[in-house]
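Asker: Supplied in structure tokens, the structure appears directly below.
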Amino acid sequence: MVLRLRLPYADPFLLPLGGLLAALGITMIYRIDPELAFRQGLWVVVGVAVFSALVLFLRDYRALDEVKYILGVSAIVLLVLPAFPYIGLTVNGATLWVDLGPLTFQPGELAKVLVVVFLAGYLRDNREMLSYGAAGQGRLPSPKHLGPLLLIWGGAMLVLFQTRDLGGALLYFAIFLVMLYTATARWSFVAAGLGLFLAGAYALYHVIPHVQDRVESWLDPWADPEGQSYQLVQSLYAVSSGGVFGTGLGDGVLLSPEGNPYIPYLETDFIFSAIAQELGLAGAAGVILLYLIFAYRGFRISMLASDGFSKLLAAGLTAAVSIQAFIIIGGVVGLIPLTGITLPFVSYGGSSIVANFIVLALLLMVSDRVNRGERA
Amino acid sequence: MNPQIRRLFLVFSFLFVALIATATYWLWRAPDLEARQGNPTLIVRELEIRRGLILAADGRTRLAANRRRELEDGRVWYLRRYPPGPLTAHAVGYSTIGRSRTGLELSMNDYLTASNANLSTVIDTTLDKLRGIPRVGNNVVTTLDLAAQRAAARGLAGKCGAAVALEPETGRVLALVSAPSFDPNLVERDYASIEAITAPCRPAAPLLDRATAGRFVPGSTFKIVTAAAAIDTGTFTPESRFDDPGYCTLFGQRVFNYSDQGTPSGFGNVSLADAVENSINSVFCNIGKELGAGVILDYAKRFGFYERPPIELPSEEVLISGLYRNGRLYDPENDSQVDPGRLAFGQERLVVTPLQMALVAAGVANAGVVMEPKLVERIVSPDGDVIQRYEPEEWSTAVSPATAADLTAMMVRAVESGTGVAAQIPGISVAGKTGTAETGVSGRNNTWFIAFAPANNPEVAVAVALSDQAGTGGATAAPIARAIIDAALGRNA
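Structure (structure tokens):
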């Protein structure tokens, strides 16, 4: 309703896509734990409310461009929050949660959106300078232009490593690279980024035993199926046992007689394994295709947009959702090392749902502006 | 920027297609995965079978039984419960949905679920299916003697270690205990409480069966193998004389006797029997140099080293004893690769399990013949018919009866007046040997006692191993061994 009134020209596919994924998520969660599903439902309501509020009150999303530095810094602040004593909460070795009495939330999810907004604004301003350097192509851009970028980037990476959020780190890194490439079209940045990533990954592999465990269990999940690769192995059992059409909702083997899921974090990180078992390859491929359509519509908005900020914003937000989906699905099916991160719109988790609805709101606002311009 | 965005979309499309391809790959591998133990989908199907019981040697005491549970949809599941709890956790193992199976629950699974292709079982299960009643598994009667088992568990309480008791003549396992233990009833319900178990060793590893897979340094208990080689080859007799200066020279370096064994000046002129009685390292060191590592290892192999003891436990739960290098079993090709002196008194990278050392004691007790260790006595159908009975079988002949008699006499002296006096039992002649293996860190000794009794007509052979001990094998392990022997003989009395 709000959408139709405020953004009549917005992309007609994105909101239904998000809604469909969220509904699928609630269904799966209901099957795992009805009480959680109820709470997830509330979160979706909150997400839609935030979505509507943004659409209603943020008359022109380009205002965000004006405050990009504030947003960039708040992203870092949000990321650092969990590291503070008293409010920080450590779950499963990663300090990602902030505990505010009755509510706990993951500020990282919101920070993701802020970082994309910051990068969109910043890269738009400095895109020429970064692409061509100070004097002619092929030269390194001057520190003046590279500086703030590296500062926020480095800050984010540092905080993520400090809090042991490997999935988050991977996601942020990929978003940075994708946006930098989109803005500058310089493969050398991508190559340098990948090089840095490999070097960093190699160093981490040797420094943090946790990383080593993850990589080893990815390379050979059957070496220690009861220990460090327990989650992955159980996830693979679930994925493989679904068949083409799945066991059917509710008929999969997901819960022990006591009602505990076999795969820890089934309702969050491993929700895709549950989908693959109960809805089969068809359902799993369907979910993946939904994300693909999401990416297609998102990038389409970006390509149609006329100004740099809108283009980068739309591309960045789309990339963020797609990469996140790829990282966690790739992790639970054993394509890439497993890192804990939520499946956008589907996984249980309030911060994740709300943040993804904000992404949706921003994308639709860009889209509305684009199409309105076309028609005017 | 549009070309970049287009390219990005292509990259993402490719990545998503890769995801679908990976999911498809696992689908194609599904038959492989389904055959794996630990796959809950397979185990859940087996939950509708009333699993066979696992019973103690008396044929009545239930070590594993069923808990019937009706599901909302009317199906009935049979879940496992383990009445003795931690007492028989390692031998019996557990059968869970989420945490797979271990122990006899794993290795005897076909019998317990009546999937064994035995004629009468096949007929029974087919009839059951026709009549629509749940499939009932076959019962497994073990050889475990709960009195001996309890004595071992009591002795090991609060320590890290393991104990194995065998019947030398048949190879029947009377007791098999590993400490710290865990409650198998909690594996499915509260795994975190098992992970939280602490013990005076790190990691506490309560799930590890130290009796069959614990890595211990044998120390002086290995001198029995060395003495067997020395006498059986005819190179030495129990009366052979040696000069003990208190140390032995190996590669130009002095290796001293165990420091608690009294005089730094050594025992002087002693016989081989005296050396066993007082566990004198220097004498064995010189025997080792004389025999060479190859001969000693040959005799170790005759006692079962370098082979997996054929006990009815899953092979991944039974460790092969022998020399280890970089964590792998290592069989040297020639003598020069191993230090024979240190090998002779049980150091030199030797890794053994308590089960293997119990087999050494049992082999000496059984006139030199090592019997296959048996944990299962018989398989009984639900109607009480014996489907299979496990008969004693010889595993290998380690030494001649004469050598075994010499070794027995020396081991009796070690308990009567040597390092093993703590294992004396009034009215019964006990043959034993202590071991105190230094791991290089003080307070972290592996201490041992291997023994059998009565010496003239052995009914029980035991091995007790403890890790992270400050004392000697005679002080720490021998009393536990004595308690187990007491309990095992009490059964026979």
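Read top to bottom, the protein sequences are chains A and B.
Note that the first sequence covers residues 0 to 375 in numbering that gives the first Met the number 0.
Note that the second sequence covers residues 0 to 492 in numbering that gives the first Met the number 0.
From the three backbone atoms N, C-alpha and C, an ideal C-beta is built for every residue, glycine too.
Give me the residue from Phe196/A, Pro106/A, Asp59/A with the minimum Cα distance to Arg352/A.
Answerer: Correcting the residue type first, residue 352/A is Ile in the shown sequence and not Arg. Checked all of Phe196/A, Pro106/A, Asp59/A; the closest Cα to Ile352/A is Pro106/A.
Asker: Quick one, are the C-beta atoms of Glu187/B and Ile96/B less than 8 Å apart?
Answerer: yes
Asker: On the three-state DSSP scale, how would you describe Arg66/B?
Answerer: Taken through DSSP and simplified to helix, strand or coil, Arg66/B comes out as strand.
Asker: According to the Cβ coordinates, are Ser350/A and Ile300/A closer than 8 Å?
Answerer: no
Asker: With DSSP collapsed to three states, give me the class of Glu238/B.
Answerer: Three-state DSSP puts Glu238/B in coil, outside helix and strand.
Asker: Ile427/B bridges to which residues according to DSSP?
Answerer: Ile424/B
Asker: Leaving out five residues before and five after Leu53/A in sequence, what residues of the same chain have Cβ atoms less than 7 Å from its Cβ?
Answerer: Ile357, Ala360
Asker: Look at the Cβ atom of Gln423/B, then the Cβ atom of Asn444/B, and state whether they are nearer than 8 Å.
Answerer: Taking 8 Å as the Cβ cut-off, Gln423/B and Asn444/B do not qualify as a contacting pair.
Asker: Which residue or residues does DSSP assign as beta-bridge partners of Arg149/B?
Answerer: Partner(s): none; Arg149/B has no beta bridge.
Asker: Looking at the strands, I want to know which residues DSSP matches up with Glu393/B.
Answerer: Met370/B
Asker: Run the CB neighbour count on His89/B, radius 10 Å, all protein chains shown included, and call it buried at 16 or more, exposed below.
Answerer: By the neighbour-count rule (16 or more Cβ atoms within 10 Å), His89/B is buried.
Asker: Answer with buried or exposed for Trp394/B, where buried requires no fewer than 16 other C-beta atoms within 10 angstroms of its C-beta.
Answerer: buried
Asker: Could you please give the first and the last residue of the uninterrupted beta strand (DSSP E) stretch that includes Ala164/B?
Answerer: 159-165
Asker: Check the Cβ-Cβ distances between Ala190/A and every residue of chain B, and say whether any is below 8 Å.
Answerer: no
Asker: Pick out the complete beta strand (DSSP E) segments inside the segment 172-211 of chain B, 3 residues or longer, and give them in chain order.
Answerer: Within the segment 172-211 of chain B, the complete beta strand (DSSP E) runs of at least 3 residues are 172-178.
Asker: Using C-beta distances below 7 Å, list every residue in its chain close to Pro263/A, excluding the 5 sequence neighbours before and after it, in chain order.
Answerer: Gln230
Asker: In the DSSP assignment, find the unbroken alpha helix (DSSP H) run with Ser453/A in it and report its ends.
Answerer: Beyond the ends of chain A as shown, which are 0 and 375, falls residue 453/A; an answer cannot be given.
Asker: Where does Ala133/A land, buried or exposed, given buried means 16+ other C-beta within 10 angstroms?
Answerer: The predicted model places Ala133/A with a pLDDT of 43, which falls under 50 and marks its position as unreliable, so this point remains unresolved.
Asker: Kindly indicate which three-state DSSP category Leu318/B falls into: helix, strand or coil?
Answerer: coil
Asker: Whole angstroms are fine: how far does the CA of Pro339/B sit from the CA of Leu290/B?
Answerer: 8 Å
Asker: Determine which residues share a DSSP beta bridge with Tyr323/B and list them.
Answerer: Leu328/B
Asker: By alpha-carbon positions, which one of Phe181/B, Val216/B, Lys288/B ends up nearest to Leu249/B?
Answerer: Leu249/B has its Cα closest to that of Lys288/B, out of Phe181/B, Val216/B, Lys288/B.
Asker: Bridge partners of Thr341/A, per DSSP?
Answerer: BP columns for Thr341/A are empty, so no partner.
Asker: If you compare alpha carbons, which of Thr211/B, Ala20/B, Arg50/B is closest to Thr112/B?
Answerer: Arg50/B
Asker: Starting from the Cα of Leu149/A, find the closest Cα among Phe188/A, Val112/A, Thr181/A, Asp164/A and give me that residue.
Answerer: Phe188/A
Asker: Just to confirm my understanding: we take Val47/A, look at its own chain, exclude 5 residues before and 5 after, and list those with CB closer than 6 Å. What are they?
Answerer: none
Asker: Please state if the CB of Thr433/B and the CB of Gly473/B are separated by a distance shorter than 8 Å.
Answerer: Going by C-beta atoms, Gly473/B is nearer than 8 Å to Thr433/B.
Asker: Measure the beta-carbon distance from Pro353/B to Ala462/B and round it to whole angstroms, keeping in mind my assumption that it falls under 8 Å.
Answerer: 5 Å
Asker: Alpha carbon to alpha carbon, how far is Gly285/A from Phe175/A? Give it in angstroms, no decimals.
Answerer: 28 Å
Asker: Is the segment 75-86 of chain B touching the segment 181-201 of chain B, taking contact as three or more C-beta pairs under 8 Å?
Answerer: yes
Asker: Report the rounded CA-to-CA distance for Ser466/B versus Tyr204/A, giving the unit in angstroms.
Answerer: 33 Å
Asker: How about the segment 370-380 of chain B and the segment 328-335 of chain B: do they share at least three Cβ pairs that are nearer than 8 Å?
Answerer: No, they do not touch.
Asker: Taking 8 Å as the cut-off, decide whether the C-beta atoms of Leu374/B and Leu103/B are in contact.
Answerer: yes
Asker: Residues of the segment 324-340 of chain A in Cβ contact with chain B at a cutoff of 9 Å, in chain order, please.
Answerer: Ala324, Phe325, Ile328, Gly329, Val332, Gly333, Leu334
Asker: Which value, in whole angstroms, describes the spacing of the CA atoms of Gln3/B and Ala29/B?
Answerer: In this structure, the straight-line span from the alpha carbon of Gln3/B to that of Ala29/B is close to 39 Å.
Asker: Quick check: is the beta carbon of Thr225/B nearer than 8 Å to any beta carbon in chain A?
Answerer: no
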